[in-house]
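**Student:**
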Amino acid sequence: MFKSLSVKFSMLAATVAVVLWIGWPVPQEATIPVQPAAVPAPVQPVATVSPAKAESKIDINRASADELQVLPGVGPVLAQRMVEWRKAHGRYRTVEDLQGVKGIGKKRMEQLRSLITV
Numbered sequence: 144m145f146k147s148l149s150v151k152f153s154m155l156a157a158t159v160a161v162v163l164w165i166g167w168p169v170p171q172e173a174t175i176p177v178q179p180a181a182v183p184a185p186v187q188p189v190a191t192v193s194p195a196k197a198e199s200k201i202d203i204n205r206a207s208a209d210e211l212q213v214l215p216g217v218g219p220v221l222a223q224r225m226v227e228w229r230k231a232h233g234r235y236r237t238v239e240d241l242q243g244v245k246g247i248g249k250k251r252m253e254q255l256r257s258l259i260t261v
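Take 144 as the starting number for the sequence shown in my numbering and just add one per residue.
#1: I think Val261 touches Ile203, with their Cβ atoms under 8 Å apart; what is that distance to the nearest whole Å?
#2: In three-state terms, what does DSSP make of Thr237?
#3: Let me know the secondary structure DSSP gives Ile203 once reduced to three states.
#4: How many Å lie between Arg256 and Pro185 at the Cα?
#5: Going by DSSP, which residues form a beta bridge with Ile259?
#6: Is Leu221 helix, strand or coil by DSSP?
#7: Among Lys245, Thr158, Ser153, Ala206, which one has its Cα closest to the Cα of Arg346?
#8: Three-state secondary structure (DSSP) at Ile165?
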């Protein structure tokens, strides 16, 4: 009886020792918090000015595809078409020449007319 009791006690002691050994925090070297030298302020994105609020009109003969995308209803594909039309046919002579670009019909032309210039 004492033998089985001592075996059980030994197993219990070993189990407790293993649990304590595994869960015991390992002492670590003291760390000194390091302050970053000079952290630049986070860069704030530049707000895009909507064409309606812009003081000047967009010159469709000089604007890049990215600049043309601020116009209402003009995405990357249509802006690229506008630039390609300009490369293929030369300068836009009038604002109405923009209707030669695939995707610009009468409705879109009316939206853009007051926002663009040549």
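Each residue gets a CB set at the ideal place from its N, CA and C atoms; glycine is no exception. All of these numbers come straight from a predicted model, not from anything done at the bench.
**Tutor:** Taking the definition as stated:
#1: Working through the sequence shown from its first residue, we reach residue 261 at position 118. Working through the sequence shown from its first residue, we reach residue 203 at position 60. Val261 to Ile203, Cβ: 6 Å. Contact.
#2: As a working note, residue 237 is residue 94 in the sequence shown. DSSP places Thr237 in coil when its eight states are reduced to three.
#3: Here residue 203 corresponds to residue number 60 of the sequence shown, with the count starting at 1. Three-state result, Ile203: coil.
#4: Translated into the one-based positions of the sequence shown, residue 256 becomes position 113. Translated into the one-based positions of the sequence shown, residue 185 becomes position 42. For Arg256 and Pro185, the distance between alpha carbons rounds to 38 Å.
#5: Here residue 259 refers to the residue found at position 116 when the sequence shown is read from its first residue. DSSP output for Ile259 lists Ile201 as bridge partner(s).
#6: Here the question's residue 221 lines up with position 78 in the sequence shown. Three-state DSSP puts Leu221 in a helix.
#7: Given a span of 144 to 261 for the chain in the structure shown, any question on residue 346 remains unanswerable.
#8: Looking up residue 165 in the sequence shown gives position 22. DSSP places Ile165 in helix when its eight states are reduced to three.
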